[in-house]
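In our numbering, the protein residues as written are 13 to 169.
Glycine residues also receive a C-beta, built at the ideal position from the N, C-alpha and C atoms.
All of these numbers come straight from a predicted model, not from anything done at the bench.
Since the structure comes first, as structure tokens, the remarks are kept for the end.
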């Protein structure tokens with residue numbers, strides 16, 4: 013990790029944090045809705061979430077974020093890394109790697125005890141996918157399904 017970088021878990025939201033994270037979101041998804049204060053508070057205050065920000069030092073400017081979500085299941089604690097975004101001006105400086113390394117450290121800690129850590133990334137994010145593989149994540153051959161809000165009853169199957 014670069015010496016001019018600090019990774020911190022945040023659990024409260026102030027206006028400057030909201031503004032900085034809102035500015036990063038379009039770099040993650042062009043279709044992301046506007047981030048509200050209430051939405052960010054919901055994310056950072058959820059006890060199953062670990063919301064990390066990367067600060068450049070000495071300015072203390074937020075240059076990246078990552079959300080680690082955890083879910084206890086019958087077969088163990090599952091962890092999932094979401095919303096990894098690093099400001100385009102700060103890429104190729106180890107910020108993404110530092111965020112992921114901190115998330116993995118926390119997921120595997122005694123406090124969380126995750127038995128697996130997953131993340132997803134669109135194939136066109138070539139550099140991000142390369143980073144994840146370099147950090148030890150392996151591409152899985154699995155089906156991922158997303159429910160789109162239309163319920164199909166058993167009678168319709």
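Burial state of residue i, where buried means 16 or more other Cβ atoms lie within 10 Å
i: residue 65; result: buried
i: residue 42; result: exposed
i: residue 80; result: buried
i: residue 31; result: exposed
Under 8 Å between C-beta atoms of residue i and residue j
i: residue 52; j: residue 25; result: yes
i: residue 17; j: residue 69; result: yes
i: residue 29; j: residue 74; result: yes
i: residue 128; j: residue 90; result: yes
i: residue 98; j: residue 107; result: yes
For residue i, the nearest candidate out of the options (CA to CA)
i: residue 103; options: 82, 77, 30, 29; result: 77
i: residue 62; options: 19, 140, 127, 155; result: 19
i: residue 131; options: 112, 125, 138; result: 112
i: residue 136; options: 67, 23, 106, 40; result: 40
i: residue 94; options: 49, 85, 140; result: 140
Whole-angstrom distance between residue j and residue i, CA atom to CA atom
i: residue 14; j: residue 149; result: Summary for residue 14: the model assigns pLDDT 49, below 50, so the residue's position carries little reliability, and this model does not support an answer.
i: residue 158; j: residue 92; result: 16 Å
i: residue 87; j: residue 119; result: 16 Å
i: residue 55; j: residue 133; result: 20 Å
i: residue 82; j: residue 144; result: 19 Å
i: residue 124; j: residue 59; result: 11 Å
i: residue 126; j: residue 101; result: 33 Å
i: residue 156; j: residue 23; result: 30 Å
i: residue 110; j: residue 153; result: 26 Å
i: residue 21; j: residue 57; result: 11 Å
i: residue 67; j: residue 85; result: 33 Å
i: residue 161; j: residue 71; result: 43 Å
i: residue 46; j: residue 105; result: 28 Å
CB contact check: residue i to chain D, cutoff 8 Å
i: residue 160; result: In the displayed structure, chain D is absent; only one protein chain is listed.
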